[in-house]
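Beneath this line is the structure, given in structure tokens, with notes to follow.
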Amino acid sequence: MNGSSLGMRLDPQRPFLGAGLKVAVVGGTSGIGAAFAKEMASKGADVIVMGRTFRDEGPRLTFIKADLSSVESMKAAAAELPAEDLDMLIFTNGILPAKTRVATSDGLEADLAVSYISRFVILRELSERLGTNRPRRPRVFVMGGPGLGEKGNPADLNAENSYSRFLQHGKTVAVNEALVLDAAARFPRLAVFGLNPGLIKTDIRSSITGTGCFFRFTEGVVGYCFPSAEVYAERLVPVLFAPALEKESGFHFNPKADAIKPSKVMTTQLTAKYIEATEALLARLPIKDGEKS
Ligand SMILES: NC(=O)c1ccc[n+]([C@@H]2O[C@H](COP(=O)([O-])OP(=O)(O)OC[C@H]3O[C@@H](n4cnc5c(N)ncnc54)[C@H](OP(=O)(O)O)[C@@H]3O)[C@@H](O)[C@H]2O)c1
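Converting from the sequence shown to the numbering used here requires adding 848 to each position, the first position being numbered 1.
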């Protein structure tokens, strides 16, 4: 990380990349990812959105259907992406953990699978080929809650021994920050950054609140107090497109689009533990019902 990049604010008068960029947004079919995709397309980028349901037909938007809840489908999704021709890969796919542990067909806890393992698998599948036909250093952005100091616990990453929605969410946030730091070090050819959007009104919390009055009230408050996905996208896309990022890697952006340092708690050792735990978990699949790590 170049120290000068911290505190970096972008001069809106400076030119930024846009027209002709090739971007894939995994999780670009809804919420923040969809807002990013539309904003980038409006600036002349060709954007692939990946998810289960396409909702935003429009110029420069292409859809690839993928259900990222099994490792087989994650690998198939990676194979569908035109890795060599991408300038940018953005992960905004995600869900929130359920009240009681939900397991995927592989035996992975569902939030961990969709909001993290899919990103890990896709990035590992594409890392060597990403952007090799493009003139610029390829960029990868990982959305979650990086920089907030979430430590989580790499032990029992898959919540096979005990499950709490709150703790599992903390693990998913922390392990995504570890993914950014590990990928920045492991793949120096790539520029890798974390994105912390803060609170944004989307449908993601409906799995907790339902879609009734409480959901409408909660999201009404979030929508009143915090920027919409569209406003956040207008703020972030110039940063994602900034030529200044060409030589950078391994840090994050806060909701205001300011560059921020990685969490102090996310040391090199903890990052390595999370990545080791991920690799060990993938090597054990499929995990049978009731199996303990
Ligand atoms: N909204 C917030 O306040 C907030 C705060 C902090 C962090 N974040 C993070 O920001 C990211 C985006 O969140 P959001 O609020 O924009 O959520 P969202 O509106 O619910 O969008 C989630 C995206 O993930 C995709 N997705 C979910 N399950 C999938 C599956 N099994 N297979 C393939 N794609 C799947 C959805 O695609 P389909 O709908 O097509 O299935 C959708 O495109 C997440 O990582 C979230 O944790 C959000």
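We put the CB at the ideal spot given by N, CA and C, even for glycine.
It should be emphasised that the depicted structure is a prediction, and the values quoted were computed from it without experimental measurement.
Taking the Cβ of Asn981 as the reference point, every heavy atom of ligand 1 lies at 6 Å or farther away.
When distances are taken from the beta-carbon of Asn1006 to the heavy atoms of ligand 1, even the shortest one reaches 6 Å or more. Proximity to Ala1007 across Pro1036, Val962, Glu976, Ala951 peaks at Ala951, based on C-alpha coordinates. Per DSSP, the continuous alpha helix (DSSP H) segment holding Phe1062 begins and ends at 1061-1073.
Under DSSP, Asp894 forms a beta bridge with Lys870. Of the candidates Gly997, Val874, Arg1132, Leu916, Val874 places its Cα closest to the Cα of Thr910.
By the Cβ-count criterion, Pro1134 is exposed, with fewer than 16 other Cβ atoms from all chains shown falling within 10 Å of its own Cβ.
Inter-residue distance for Arg1037 and Val988 is about 11 Å (C-alpha atoms, whole angstroms).
Shown here, Arg987 sits in a strand according to DSSP, grouped into three states. Membership of Met936 in the beta strand (DSSP E) is indicated by the continuous run 936-939.
In the DSSP assignment, the residues bridged to Phe1099 are Phe1041. Within 10 angstroms of the beta-carbon of Phe1101 lie 16 or more other beta-carbons, which makes it buried. In terms of Cα proximity to Pro907, the closest of Val897, Ser1010, Gly1071, Phe1062 is Val897. With a cutoff of 6 Å, Met888 does not count as near ligand 1, since its C-beta is closer than that to no heavy atom of the ligand.
With a contact defined as Cβ atoms closer than 8 Å, Glu928 and Ile912 qualify at about 5 Å.
When only Cα atoms are considered, Pro1075 and Gly876 end up about 18 Å apart. Counting along the chain, the unbroken alpha helix (DSSP H) around Ile970 starts and ends at 966-974.
Around the beta carbon of Arg1064, a 10 Å sphere encloses fewer than 16 other beta carbons of the protein chains shown; the residue is thus reported as exposed. For Ile912, the enclosing beta strand (DSSP E) stretches over residues 909-913. Proximity of the segment 990-1006 to the segment 1111-1121 meets the contact definition, three or more beta-carbon pairs being nearer than 8 Å. With contacts defined as CB atoms closer than 7 Å, Val1040 and Val1028 qualify as a contacting pair. Per DSSP, the continuous alpha helix (DSSP H) segment holding Leu1015 begins and ends at 1013-1034. Here Ala961 has Ser917, Thr952 as same chain residues with Cβ atoms under 6 Å from its own Cβ, once five neighbours each way along the sequence are excluded.
Spatial neighbours of Thr1066 in its own chain (CB-CB distance under 8 Å, excluding positions within 5 residues in sequence) are listed in chain order as Arg1053, Thr1057. By alpha-carbon distance to Ser890, the top candidate from Gly979, Gly1018, Gly1138, Ala1081 is Ala1081. Of Ala882, Val871, Ala867, the smallest CA-CA separation from Ile1048 is found for Ala882.
Beyond the five residues adjoining it in sequence on each side, Asp1004 comes within less than 6 Å, by CB distance, of Ser1141 in the same chain, given in chain order. For Ile1056, the enclosing alpha helix (DSSP H) stretches over residues 1054-1057. Secondary structure of Glu887 (DSSP, three-state): helix.
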